[in-house]
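These notes are about the structure you will find just below.
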Amino acid sequence: MSMFWKPGTEKPQLLDDEEGGVLFLSSSQSSSSSSRYGYASMGKQRLPVHKYRTEILYLVETHATTIIVGETGSGKTTQIPQYLKEAGWADGGRAIACTQPRRLAVQAVASRVAEEMGVKLGDEVGYTIRFEDITNTSVTMIKFLTDGVLLREMMDDPLLTKYSVIMVDEAHERSISTDILLGLLKKIQRRRPDLRLIISSATIDAKSISAFFQPSKRHRGLEGQGLSPRKEPAILSVEGRGFDVRIHYVEEPIADYVRASVSTVMLIHEQEPPGDILVFLTGQDDIDAAAQLITEEARTVVKNSSGLIVLPLYSGISRAEQELVFSPTPRGKRKVVISTNIAETSVTLEGVVYVVDSGFSKQRFYNPIPDIENLVVAPISKASARQRAGRAGRVRPGKCYRLYTEEYFVNEMSAEGIPEIQRSILVSCVIQLKALGIDNILGFDWPASPSPDAMIRALEVLYSLGVLDSDAKLTSPVGFQVAEIPLDPMVSKIILSSNQLGCSEEIITIAAVLSVQSIWFSSRGAQKELDEAKLRFAAAEGDHVTFLNVYKGFLQSGKSSQWCHKNFINYQAMKKVMEIREQLRKTAKKLGMVLKSCDNDMEVVRKAITTGFFANACRLEAYSHNGMYKTLRGSQEVFIHPSSVLFRVNPKWVLYYSLVSTDRRYMRNVITIDPSWLTEIAPHFYHHQGPNPATH
DNA sequence: GGACCCTCA
Numbered sequence: 001m002s003m004f005w006k007p008g009t010e011k012p013q014l015l016d017d018e019e020g021g022v023l024f025l026s027s028s029q030s031s032s033s034s035s036r037y038g039y040a041s042m043g044k045q046r047l048p049v050h051k052y053r054t055e056i057l058y059l060v061e062t063h064a065t066t067i068i069v070g071e072t073g074s075g076k077t078t079q080i081p082q083y084l085k086e087a088g089w090a091d092g093g094r095a096i097a098c099t100q101p102r103r104l105a106v107q108a109v110a111s112r113v114a115e116e117m118g119v120k121l122g123d124e125v126g127y128t129i130r131f132e133d134i135t136n137t138s139v140t141m142i143k144f145l146t147d148g149v150l151l152r153e154m155m156d157d158p159l160l161t162k163y164s165v166i167m168v169d170e171a172h173e174r175s176i177s178t179d180i181l182l183g184l185l186k187k188i189q190r191r192r193p194d195l196r197l198i199i200s201s202a203t204i205d206a207k208s209i210s211a212f213f214q215p216s217k218r219h220r221g222l223e224g225q226g227l228s229p230r231k232e233p234a235i236l237s238v239e240g241r242g243f244d245v246r247i248h249y250v251e252e253p254i255a256d257y258v259r260a261s262v263s264t265v266m267l268i269h270e271q272e273p274p275g276d277i278l279v280f281l282t283g284q285d286d287i288d289a290a291a292q293l294i295t296e297e298a299r300t301v302v303k304n305s306s307g308l309i310v311l312p313l314y315s316g317i318s319r320a321e322q323e324l325v326f327s328p329t330p331r332g333k334r335k336v337v338i339s340t341n342i343a344e345t346s347v348t349l350e351g352v353v354y355v356v357d358s359g360f361s362k363q364r365f366y367n368p369i370p371d372i373e374n375l376v377v378a379p380i381s382k383a384s385a386r387q388r389a390g391r392a393g394r395v396r397p398g399k400c401y402r403l404y405t406e407e408y409f410v411n412e413m414s415a416e417g418i419p420e421i422q423r424s425i426l427v428s429c430v431i432q433l434k435a436l437g438i439d440n441i442l443g444f445d446w447p448a449s450p451s452p453d454a455m456i457r458a459l460e461v462l463y464s465l466g467v468l469d470s471d472a473k474l475t476s477p478v479g480f481q482v483a484e485i486p487l488d489p490m491v492s493k494i495i496l497s498s499n500q501l502g503c504s505e506e507i508i509t510i511a512a513v514l515s516v517q518s519i520w521f522s523s524r525g526a527q528k529e530l531d532e533a534k535l536r537f538a539a540a541e542g543d544h545v546t547f548l549n550v551y552k553g554f555l556q557s558g559k560s561s562q563w564c565h566k567n568f569i570n571y572q573a574m575k576k577v578m579e580i581r582e583q584l585r586k587t588a589k590k591l592g593m594v595l596k597s598c599d600n601d602m603e604v605v606r607k608a609i610t611t612g613f614f615a616n617a618c619r620l621e622a623y624s625h626n627g628m629y630k631t632l633r634g635s636q637e638v639f640i641h642p643s644s645v646l647f648r649v650n651p652k653w654v655l656y657y658s659l660v661s662t663d664r665r666y667m668r669n670v671i672t673i674d675p676s677w678l679t680e681i682a683p684h685f686y687h688h689q690g691p692n693p694a695t696h
């Protein structure tokens, strides 16, 4: 037994780089092996996780919760589910679940594992994400799924009885879904001693997750009886497969990280051997500015400038641009990818040897007191800095240039980012817990507690929508129906209302469009053409009705991609709209709705939207020459977003779908309303302001 | 006269 690491006998080996300047130095690294290049050629036996196979199986057998600390590339995600299956955890009709925060990762990992096991994807190994269920209930033993899908599964099977082991991967990212899931799994554990949890996390966060899964004194009494596993979590550390990354800091704090990143890129290009460069900046503005500066400087200053390919990377870039970013660098060239946080976790670039880290990213913060969500440029955490640096060590030893001082990294930078649940509006989160029968939301055992103020705001919103009653219980049928529809509660509400108003076909189309990022084709430099194209569809009633015009045109074109291209509409986004629309129609029918069209009666459409978004009503300031509105509820100053068809039109009364706060607060997706609807539709909400808000 | 960090159901 002494070959196993046991809690208390030996500390797990946690890697840290606070002292030296070198990251991800792992003990067993043999960087001489040429087979390390490229993932596909790697034999699975060589993955670092392999030598811990027996330890992992021992810990899972004997502990209710096992925390696996591992850098990316340790092989934990692909190998551990296979070990569990081989050890019999999928026998007797049970299944092993492995969750991921993102859809892409689910698909990639599932097909990788199916390939390694030599089985057809969807048989022994399957996956489930929204719109795609590639599993076979009686056959599938290993199932990959997004944590959002697992949460949905709990609505039908609260104890997740079909799973023997649930592995929550990338838990250190602390997404809202992951945190909710961890809280619920801890609850399930008490009712299901047979269930095993594996929480996979990056180094730093392991201790706080371990602390969370420590049994409380109240439950510790049950310990050691019969064959039930130990309740204290075990921690096992697995080294990564990455190469050494040498860290360079600036000597003095810098004032302008865009300029500093540009000069760092030029320096690397002039002095360092071949290898692509990945630059982390904060947003589209920064990135475009830096890209332009680098291109200019390469043209005028640098001698071998022809070798530089400068490419921006953020979620809004086009298909063609994506292909350039992810295609291999031509021989004799050097790629410079200038990216948002998207390259930190969501996408992986091969061939990167140099990373330039500005030390900043855009982050969303929610302040519940004024009820305002802000998007601000903020310093990243040490965990993010490490993750960014690691991106330079995928193919061979690399270098990371941090545009901040070592003193700042060591002494000022926070260890971890703030969990998303403490930075977000909680309306969706609260209704999800309510639907799962968690009545005491404020008393729920969270890995990180959200602010009580934010919870109360969410409860208020749900109450005003008629989703919760005065005892904060889900109303019947509206509350349960809203929870059933996989959308924000306000959008779910307008779908339900559209049933009575006879415009469900239209509202479902609008709900689907609001669910995608943008149906317009975004291309820098062609702004004028896009604006002109928009005018062809623009409706005086606003953006939502404009969406209906686009959808109609798309159908009339026979869902043609050429038609989309001609009209500056994103074909991929429209395909997604069709998919979401079909899912919503199915859900609506399941709820007993009879889908109807109102043809050209846009008044009922606007009224239906008002039933969900009455709290977002705004009035144009009487003497405003710059298009300033004030929200009826909070008297906040807001403006119509330049992307709206009502930008510069400035009708007197509007309703918005969402606010985006940068230097100003902009309303995105705006529709005109008749103010009398507000007191008609939401008298409980506008009552205290008098019988008619239009009178003041 | 001007704007969009990233995900998920």
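According to UniProt numbering, the first sequence is numbered sequentially starting from 1.
Glycine residues also receive a C-beta, built at the ideal position from the N, C-alpha and C atoms.
- In this structure, the alpha-carbon of Q107 lies about 33 angstroms from that of L595.
- When DSSP states are grouped into helix, strand and coil, R102 belongs to the coil group.
- Proximity of the stretch 395 to 408 to the stretch 428 to 444 falls short of the contact definition, fewer than three beta-carbon pairs being nearer than 8 angstroms.
- Cα atoms of I569 and A512: separation of roughly 15 angstroms, rounded to the nearest angstrom.
- Between Q82 and V60, the C-beta gap is not smaller than 8 angstroms, which leaves the two residues out of contact.
- In terms of CA proximity to N411, K382 leads the group R391, L436, G393 and K382.
- About 7 angstroms separates the beta carbon of E239 from that of S74, a gap short enough to meet the 8 angstroms contact definition.
- Rounded to the nearest whole angstrom, the C-alpha separation of P158 and I580 is 26 angstroms.
- When beta bridges are read from the DSSP output, T128 appears opposite D133 and L145.
- L145 and T78 have their C-alpha atoms roughly 13 angstroms apart.
- For secondary structure counted as the alpha helix (DSSP H) over 4 or more consecutive residues, the stretch 534 to 577 holds these complete runs in sequence order: 543 to 556 and 561 to 566.
- Look at T631 here: in three-state DSSP terms it is strand.
- With 16 or more other Cβ atoms from the protein chains shown falling within 10 Å of its own Cβ, I68 counts as buried.
- With fewer than 16 other beta carbons inside 10 angstroms of its own, M155 counts as exposed.
- Look at the stretch 382 to 439 and you find these whole runs of beta strand (DSSP E), each 3 residues long or longer: 398 to 402.
- Non-local C-beta neighbours of K362 in its own chain, meaning closer than 8 angstroms and more than five positions away in sequence, comprise T282, G283, T340, N341, L375, V376, V377 and A378, ordered along the chain.
- DSSP places E373 in the strand class (E or B) of the three-state scheme.
- In this structure, the straight-line span from the alpha carbon of K162 to that of Y127 is close to 15 angstroms.
- Under the DSSP definition of a beta bridge, K362 partners with V377.
- Per DSSP, the unbroken alpha helix (DSSP H) holding G183 starts and ends at I176 to R191.
- Burial state of H641 is buried, judged by a 10 Å Cβ sphere holding 16 or more other Cβ atoms.
- Pairwise C-beta distances place the stretch 313 to 320 in contact with the stretch 504 to 522, as three or more of them are shorter than 8 angstroms.
- When Cβ pairs closer than 8 angstroms are counted between the two stretches, the stretch 570 to 577 is seen not to touch the stretch 670 to 683, the count staying below three.
- Distance from the CA of E232 to the CA of S138, rounded to the nearest whole angstrom, comes to 33 angstroms.
- Looking from the CA of K85, the closest CA among I56, Q100 and S414 belongs to I56.
- Looking from the CA of K333, the closest CA among T345, L311, E344 and V347 belongs to L311.
- If you look at T672, you'll find it in the beta strand (DSSP E) that goes R665 to T672.
- Cβ atoms of C503 and V604 come within 8 angstroms of each other, at about 5 angstroms.
- Assigned with DSSP and collapsed to three states, K652 falls in coil, not helix or strand.
- Annotation for P312: the continuous beta strand (DSSP E) segment containing it runs L308 to L313.
- According to the DSSP assignment, H684 belongs to the alpha helix (DSSP H) that extends over P683 to Y686.
- Contact holds between the stretch 609 to 620 and the stretch 487 to 495, because three or more Cβ pairs, one in each stretch, are under 8 angstroms apart.
- Rounded to the nearest whole angstrom, the C-alpha separation of V478 and G466 is 7 angstroms.
- A Cβ-Cβ separation of about 15 angstroms leaves L182 out of contact with V165 under the 8 angstroms criterion.
- The closest CA to that of W446, considering only S208, T587 and R331, is found on S208.
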